[in-house]
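There are 2 protein chains.
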Amino acid sequence: MVNLESLAVACKALSHPARLAILRTLAQRGACVCGEIVDTMPLSQATVSQHLKILKNAGLITGEIDGPRSCYCINVEQVRTLGKEIEQLFGSLDNCC
Amino acid sequence: MVNLESLAVACKALSHPARLAILRTLAQRGACVCGEIVDTMPLSQATVSQHLKILKNAGLITGEIDGPRSCYCINVEQVRTLGKEIEQLFGSLDNCC
DNA sequence: ATCGTTAATCGTCGATATACGATAAAATAA
DNA sequence: TTATTTTATCGTATATCGACGATTAACGAT
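Each protein sequence line maps, in turn, to chains B and U.
The opening residue of the first sequence carries number 0 in numbering that gives the first Met the number 0; numbering runs sequentially from there.
The opening residue of the second sequence carries number 0 in numbering that gives the first Met the number 0; numbering runs sequentially from there.
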């Protein structure tokens with residue numbers, strides 16, 4: 000049984016193009032330092048940092064301090080769980096029009 | 000190549016527990032009249048109607064008028080497409096931590 | 001200790017989302 | 001026609017989001 004509240008939180012984290020772009024970059028490159036991510040997008044450092052925080056709070060990425068830098072990475076397990084929950088939510092979709 | 004803008008729109012539609020609940024109900028029951036959906040949730044008719052509109056605008060459900068009623072249904076193709084786009088966005092996730 | 005680099009947080013402003021009562025519209029029933 | 005049922009929309013109030021400049025904090029180098 001899917002917890003709709005937590006699934007909604009995860010989907011909300013996915014609901015902004017900038018955050019999807021961050022996730023795509025991380026999926027392609029593996030680990031990334033914050034500045035690298037900032038360089039890939041037309042947004043200020045403050046805004047990107049805010050988006051990273053949202054993704055981290057939703058559990059979709061991890062972030063750990065590495066000297067003066069912050070290294071971010073996709074949380075593979077959470078992403079897989081998210082995919083399964085969406086599948087489960089919709090079920091078989093057989094009795095649909 | 001995934002269109003992040005449109006994927007974000009779809010995810011935004013999934014980003015509210017009430018809308019997820021509506022989708023789950025539709026997935027379980029197949030077609031539903033608006034009033035049936037209202038009866039399953041602790042929200043006013045106006046609010047549910049608004050959520051249905053958001054889901055419809057995002058293409059996740061279809062809605063057609065049936066006499067004085069409105070009959071809603073999951074848009075199976077769109078939902079499948081959504082699932083594939085999310086998969087594609089994350090890719091293999093092999094080079095992640 | 002001071003300086004430069006990197007990233008997080010604060011404060012703010014406009015835009016958007018959410019919820020609901022009230023009302024309108026459209027079809028059916030009496 | 002008139003009343004009833006069903007749903008969409010309007011108007012509104014509060015809350016949250018999204019963006020950014022400015023500031024703070026933490027680390028490394030000189």
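Glycine included, each C-beta is placed from N, C-alpha and C at the ideal position.
Only a predicted model underlies this, so the values are computations on that prediction, with no experimental measurement involved.
Verify whether the separation of the beta carbon atoms of residue i and residue j is less than 8 Å.
i                : j                : result
ILE53 of chain U : ARG79 of chain U : no
ASP37 of chain B : VAL47 of chain B : The displayed chain sequence assigns Val, not Asp, to residue 37 of chain B. Yes, the Cβ-Cβ distance between VAL37 of chain B and VAL47 of chain B is below 8 Å.
LEU13 of chain U : CYS95 of chain B : no
LEU88 of chain B : ARG28 of chain U : no
GLU4 of chain B  : PRO41 of chain U : no
ILE60 of chain B : ASN74 of chain B : yes
ALA57 of chain U : VAL8 of chain U  : yes
LEU92 of chain B : ALA26 of chain U : yes
LYS55 of chain B : GLY66 of chain B : no
What are the boundary residues of the beta strand (DSSP E) that includes residue i?
i                : result
CYS70 of chain U : 68-73
ASP38 of chain B : Note, ASP38 of chain B: premise wrong, no beta strand (DSSP E); alpha helix (DSSP H) at 33-38.
GLY62 of chain U : 60-65
Which first and last residues belong to the alpha helix (DSSP H) in which residue i is found?
i                : result
VAL8 of chain U  : 3-12
SER48 of chain U : 44-56
LEU19 of chain B : 16-28
Can you confirm whether the stretch 71-86 of chain U touches the stretch 55-74 of chain B when touching is taken to mean that 3 or more C-beta pairs between the two stretches lie within less than 8 Å? no
Can you list, in chain order, the residues of the stretch 20-48 of chain U whose Cβ is nearer than 8 Å to any Cβ on chain B? ALA20, LEU22, ARG23, LEU25, ALA26, GLN27, ARG28, GLY29, ALA30
Members of the stretch 81-92 of chain B near chain U, C-beta cut-off 9 Å: LEU81, GLY82, ILE85, GLU86, LEU88, PHE89, GLY90, SER91, LEU92
Of all the residues that make up the stretch 0-18 of chain B, which are near chain U by a beta-carbon distance shorter than 7 Å? LEU3, GLU4, LEU6, ALA7, CYS10, LYS11, LEU13, SER14, HIS15, PRO16
Check each residue of the stretch 62-79 of chain B: if its Cβ is closer than 7 Å to any Cβ of chain U, include it; give the result in chain order. CYS72, ILE73, VAL75, VAL78
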